[in-house]
Each structure stands twice: as C-alpha cells, then as structure tokens.
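Colleague: Pasting a structure here, questions to come.
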Amino acid sequence: MKDQTDQQTIELFPTPKRRGRPSTGKAKTNAERQADFRNRKAWRGGSDNNGHKLCHWWLDYRRFSELECLASYHGVTPQAMVEQLIQSADKQLISQLTQTAYFDYVDKKLHVTESKPE
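The sequence shown begins at 1 in full-length UniProt numbering and counts up by one.
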C-alpha cells in the first residue's frame, strides 16, 4: 500500500475502480426522501408552483356522490366544481359586506355568529 499523496509510485497490486459515484454512507431510503419532500412542501404552505394547495378531508359518501353528479352535469371535474362553488359563495358574501366587514372577513376575524351582513 502506498501513501495517498504519492503520485509517482505505481501500485503493486492494482485494485479495480468501482463503478459509479462513491458512496457517502448517508444514503436515504425512498420513504425518507418522500417524507422530507412532504415536510418541505408543508413548510412552504403546501402549494405547488401553480398556486394550488393540497387539501385532505373526509367527505360523506352521499355528499361526494352528489358532488360527482353535479360536476358531471356541468361537464367539469369534482375539483373544478368545488372551486366554482367556493368562488360563487365567496362572491355572494362579499357583495353583501361593508368595507370594514370585508377586511374583517379577509383577516378571518368575521364569523357568522358574530355579525350578519345587512
């Protein structure tokens, strides 16, 4: 065995070089990599590059079936139908609010039980 810094002496018994990138000894499993990805995504607010957020919730089977029927009737996906319903309800509510109530609504300070729009 020769000194690692010695560049002039040849090896007596050449060792074959290993293929690929040398290991660092810190390899992660696919599950660890996926968990890290989810944590980073959650830390960023859970949104992807297109401005979408991932929502996980349980929906009653009947409501989900109704959502699918409604979406099919309008020729859109269930996700698009939910987005349209939320946007419609939001526009209707905002049209009834005063400016002060609107700012409270956007800051999530206005609730149905506290004050009703006139």
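Virtual Cβ for every residue (Gly too), placed ideally from N, Cα, C.
1. Tell me whether Lys91 sits in a helix, a strand or coil according to DSSP, three-state version.
2. Could you work out which residue in Pro78, Asp60, Tyr61, Arg62 is closest to Glu68 when comparing CA atoms only?
3. Here's the rule I'm using: 16 or more other beta-carbon atoms within 10 Å means buried, otherwise exposed. How should Ala31 be labelled?
4. Let me know if Ala89 comes out buried or exposed under the rule of 16 or more other beta-carbons within 10 Å of its beta-carbon.
5. Could you check where the alpha helix (DSSP H) with Phe103 kicks off and where it finishes?
Modeller: Let me lay it out:
1. Translated into the one-based positions of the sequence shown, residue 91 becomes position 91. In this structure, Lys91 counts as helix in the three-state DSSP scheme.
2. Here residue 68 refers to the residue found at position 68 when the sequence shown is read from its first residue. A check of alpha carbon separations from Glu68 across Pro78, Asp60, Tyr61, Arg62 identifies Pro78 as the nearest.
3. The sequence position of residue 31 within the sequence shown is 31, counting from 1. Classification for Ala31: exposed.
4. Locating residue 89 in the sequence shown gives position 89, where the first residue counts as 1. Exposed: under 16 other Cβ atoms inside 10 Å.
5. On the sequence shown, position 103 is the one that residue 103 refers to. Per DSSP, Phe103 belongs to the alpha helix (DSSP H) from 99-106.
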